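What follows is a set of notes on a single structure, which appears directly below.
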Amino acid sequence: MEKHTFVNKWIKLLFAGLLVISIPQLSVAQDGEAEADSTEEEKKNDLPLEPGREFSFNLNEGSWIALDVSPDGKTIVFDYLGDLYTIPMEGGEATQLTEGMQFDSQPRFSPDGKKIAFISDASGAEGVWIYDLETEEKEQLTKGKDDEYQSPEWMPDGKYVIASKDDPGNHKIWMYHIDGGSGVALTDEPGNLRMLEGAFGADDRYVWFSRRFGTWNYNASLPQYQIATYDRETGDITVQSNRYGSSFRPTLSSDGKWLVYGTRHDEYTGLVKRDLVTGDESWLAYPVQHDDQESRASRDVLPGMSFTPDNKYVVASYGGKIWKLPIDGGDAIEIPFSVNSTIELGPELDFDYPIEDTPQFEITQIRDAVPSPDGRKIAFTALNEIYTMVLPDGEPKKLVDLDETQAQPVWSPDGEWIAFVTWTPETGKVYKVRPNGRRLQQLNEEEGVFQDPVWNNDGSRIVLIKGQPQDFRNATRRTAFQGTSDLIWIDADGSENKFITYTNGRGNPHFVKGSDRIYLSSWGGLSSIRWDGTDEKEHLEVSRSGGGTASWIRMAPEGDQALAQVRNDLFVVTVPKVGGEAPEIRVGGSSSQFPSKQLTDIGGQFPAWSWDANRVHWSIGNAHVIYDFDDEQAYEDSVKAAKEMEEEKAEDEAGEADSEEESDEEEEEEKEEDKGYQPQEIEITVMADRDIPEGILVLRDARLITMNGDEIIENADLVIQDNRIIGVGKQGEVTIPEGAEIMEMNGKTIIPGFVDTHAHFRHPVNLHRGEFWSYLTNLAYGVITTRDPQTATTDVLTYQDLVHAGKLLGPRVYSTGPGVFSSEDISDLDHARDVLTRYSKYYDTKTIKMYGAGNREQRQWIIQAAKEQELMPTTEGSLDFKENLTQVIDGYPGHEHSFPVFPLYKDVIDLVAFSRTVYTPTLLVAYGGPWAENYFYAIERPHDEPKLQRFMPHQNLDERTRRRNAGWFMEEEHVFEELSVVVKDLVEAGGRAGVGSHGQLQGLGYHWELWAMQAGGISEHDILKVATIQGADGIGLDQDLGSIEEGKLADLVILNSNPLDNIRNTADISHIMKNGYMYEAETLDEVFPNQRELPTFWWQDNEPSNVPGVEKE
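Just so you know, the sequence shown maps onto residues -29 to -1, 1 to 1084 in mature numbering (1 follows the signal peptide of the UniProt record, and there is no 0).
So, in structure tokens, the structure goes:
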């Protein structure tokens, strides 16, 4: 047993407040606070992250450059890797205007040429800023840290700046006075209208802009945007274009004659000029920078461009350069530039996570822990088996020996029985058993799949949820039969069962004392019904300040309080008895209508009341936590008593305080030492045997592509002992241990096992289904190590334990656990530390997924906390190129999904390579164009692949392969080849990448992704390194995985054909080896160290054969 710290912020703040009150010289403290506030004011424009590296460059090309021409036509201002620069109109070396880690972009000159408006996150969040060219000072124009901004532009009178603001929702154009104020939106409706790229022409009555409805679409059909005008006198919006390829980035001449805008023509983007007098249009330039209309367009659909003051030229950037385009036609004139500068980056996070070979391991997660009625024991599940344990430090004891998935134990009211549910591939069952494991009895007679059992108050019945086994087996989503199940009861002796009602999305049945009603929770609310399913009453709704509703609510046994889970945190709320509409209780803020208390800082799962309602239990990882309200009250009483004593002492020693008063430092130490009431935390240690084979195997006469540099060994011997490689070299040069088994490879090619850095398995949750087809499919295709970045739930921790123990056959299962989202609402660095402690201390994930977790300041707090806790966070691409670059600059070591903008030039390529960010583009779900999986579905026949038919349930295979909702796209419309050029350039520049299948088509989808990534011209050997050693390096496992070297784990793919000749040979697999076990790839029959066939699974014997029907042609 080990005790850890769970800091309750509510109590911590209370205690800190009491200490401040006890300071005799309060005025001194106030002066200090004022000084601190002043310091904070001075630092308000500073980001919290301290730079750890510097990236220096001297380049003459750039990616996605937004620019503007000064009113006198002599100067161009432009953005470059998050800083602002100017060059003369004739070109030259750039002069830097802004610097630092903040990201500055989209500069626009004021009408008098003295100032520049731009977007910056220097305050910790995006806003509109003004740069004074004379004083070189910057000032933020907008306020707040909750919104996103883009498309700044001056009004012609120079008194206002307009910008598109997302607050939240779709961007609308707002107008801000340069002397201050909160600004005003030009229009709020319709809500789904998105307004970007505001611009003015000769008549400032009209604001020209690009508009669409919604933010973006995957696999989009065109058009996405059209140009419109907003009338500042009438408020009318008038659409001004109707092009199939969309219309965007309206740029107007000051004389009112010309409109230049971008549009798509075939697969390329071009610039069109329109004569505003005649309406005639013609091409100005084609092709130019590929537009961003198929993503979030966070730096606009096309980079900013500008007319020269004489309206004879348009200055724009494309092809990595800056060009002057004659409006009357003719060749473009290059404006050469060079940028010689340095960018500050966050510290590098690069940790190694050794893979242990110990005979036993400690399981990562306990689930479903519930206290006995007397509070002396708990029952819980580990490795899908039920255990009991005497609190606080008893030894966990397995309850029963059943070869079934066991889950959700519940104690009878008298503590004499434990009921639980199980699952086998055939059906589910409901059991009860004595707490000592005796008198096991099955209670259900009808087949079903059962969840959420609960005893009624007198212990005569068990209420639970029942679904159909076939629905559970066929389910393709994480939640198996939610919303289509029955609420039933079963007599405690198994003699009778009865249907109550359909669940209709409700779950978590439970009871309160003195009532025979059945309480149920649904998303956000709690209700109760009679035993016949009638007379439903709504009791309360629970939501959280700042967003989010309760996913689970349970009344206290006394019925006066409720326990609610909102996101990751647990709250106790007072439940008022009111007639009519159920009250909505808001937690986590200061505006709750009734008392509520947050119990967790780090988070918790599997909450449960004690039977006397004096305690709340929950689990996190393999820790069990008990929050005792009596202990909490005793602590508060002691604090109150101490305060009173301190006040009395202060009165007695008045006048002598100067000589005996504690120093400020001592008082601060007291605050730090006493962190308020701490709930009891107990580490539940359940050990399991690690699955490691025994034996020595020699793979003879093979070609080894080792991924140890460019090493290729022909006619090689590869020696494996147990689960490690002990010899690598040419045949005859490697020592062969006595008793080794020799297996002839006959010239086959052996490579390290593939690493999928962005896998999604979508595990069944709550009740686990046993052998998992997604695991088998990946293993059969040589995907031997996987990292799932964002699992939504923590069920993966148990699946991982099952694979480690050999109870499930599958690849190495790593994950980030559930993502860290903006819903965490991280308030400071300490809060970020709390959030990440879930992952470093309890989930032991090694990596996390920072999934758009807030503004720049919040994302920097996360990277700071990650460094302290030796976590390697990866990020969600979010179709947001601006956010992508800030994450690279901040030092995030991983990036998921493709950059939506292409092509990319040396500025971005060299930056990402220098940062060491591992780039996993997931081209099967590409950003910026159609998903690459649609290309492969159009040219391949995956439905007919024997291996997929063997390892995927037929319904799942049909769902993926027979009809595709995304639509059909001409081959030229696909963007994966252009996106894969980024991979080629990045790797050749010394950067790192990974292959991520995104779980689109388990197993084979990994190879599709690999082939798509190679389409941009990267060499076969380099892309194989990306698929193996670089992927392993990216998740901190390259000391044990990713290459064929002595001492590394024996994870191998044995290919019939050489992938260096044709990358598609990666799918021509003979055998795979995982952790020293060798399997035939087609069947996953084990061939070493044992000879045994893979069992037949339920989905493999479910075809309509040998039944009557029309003869098929």
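Every residue gets a Cβ at the ideal spot worked out from N, C-alpha and C, and that includes glycine.
Predicted model, so just to flag it, every value in this text is computed and none were measured.
6 Å Cβ shell around residue i - same chain, five flanking residues per side excluded
i, result
"E631", "Caution applies to E631, whose pLDDT of 45 falls short of 50 and renders its modelled position unreliable; the model cannot decide the point."
"E712", "L668"
"N1073", "none"
"E11", "Since pLDDT at E11 reaches only 40, below the 50 mark, its modelled position is unreliable, and the value read off the structure follows with that caveat. Around E11: no qualifying Cβ."
"A998", "F725, V966 and L981"
Residues near residue i by beta carbon distance below 7 Å, same chain, minus five either side
i, result
"T46", "T57, P59 and M60"
"L1065", "T1054, L1055 and D1056"
"E4", "Reliability fails at E4, whose pLDDT of 38 lies under 50, so the model's placement of it is uncertain and the value that follows must be treated cautiously. Answer for E4: no residue qualifies."
"residue 1087", "No information on residue 1087 is available, as it lies outside the stretch -29 to 1084 that the chain covers here."
"G206", "T158"
"E715", "R671 and D672"
Whole-number beta carbon distance between residue j and residue i, since they are thought to touch under 8 Å
i, j, result
"G753", "F792", "Actually they do not touch by this definition, with Cβ atoms about 33 Å apart."
"L238", "E943", "The sequence given here places Glu at residue 238; Leu does not occur at that position. Contact flag correct, Cβ pair sits at about 5 Å."
"R176", "R165", "That belief does not hold up - the Cβ atoms of R176 and R165 are roughly 22 Å apart, past 8 Å."
"residue 1086", "L689", "With the chain running from -29 to 1084 in the structure shown, residue 1086 is simply not present."
"residue 1092", "T376", "Outside the shown range of the chain (-29 to 1084) lies residue 1092, about which nothing can therefore be said."
"G519", "V546", "In fact, because the Cβ distance is near 19 Å, the residues do not count as touching under 8 Å."
"L807", "L768", "Actually they are not in contact, since the Cβ atoms of L807 and L768 sit about 16 Å apart, beyond 8 Å."
"K1019", "L1012", "7 Å"
"L68", "S122", "Wrong, their Cβ atoms sit about 20 Å apart, outside the cutoff."
Beta carbon of residue i nearer than 7 Å to that of residue j
i, j, result
"V587", "Y598", "yes"
"Y358", "I591", "no"
"E652", "A594", "yes"
"A553", "H510", "yes"
"S277", "D39", "yes"
"G848", "E867", "yes"
"R220", "L157", "no"
"G386", "P344", "yes"
"A1038", "H992", "no"
"P723", "A763", "no"
"V544", "I489", "no"
"R79", "W125", "yes"
"V231", "K244", "yes"
Residues near residue i by beta carbon distance below 8 Å, same chain, minus five either side
i, result
"Y908", "T932 and R935"
"T857", "G53, F74, D92, R827 and R830"
"G346", "L362, S581, W582, D583 and R586"
"T66", "Y56, T57 and I58"
"K85", "D103, L104 and E105"
"R804", "A836, E839 and Q840"
"K14", "Residue placement at K14 cannot be trusted, given a pLDDT of 38 that sits under 50; what the coordinates show is reported in the next sentence. Same-chain partners within the cutoff: there are none."
"L800", "P19, W832, Q835 and A836"
Bridge partners - residue i, DSSP secondary structure assignment
i, result
"E509", "S498"
"F308", "G63"
"V40", "I47"
"F180", "A199"
"Q422", "I436"
"Y56", "F49 and Q67"
"R410", "Paired residues: none, contrary to the question."
"P723", "L1023"
"residue 1147", "The chain is shown only over -29 to 1084; residue 1147 falls outside these bounds and no answer can be derived."
"H802", "Paired residues: none, contrary to the question."
"G233", "F219 and L242"
Nearest neighbour of residue i, chosen from the options [CA to CA]
i, options, result
"E315", "I304, F565, T769 and D54", "D54"
"H969", "D801, G741 and S745", "S745"
"P297", "A287, G291 and K283", "K283"
"A776", "G703, T808 and E356", "E356"
"R887", "V767, W179, Y232 and T845", "T845"
"D263", "G233, G290 and D251", "G233"
"S466", "N415, W426 and H481", "N415"
"N31", "S288, N1077, G71 and V784", "S288"
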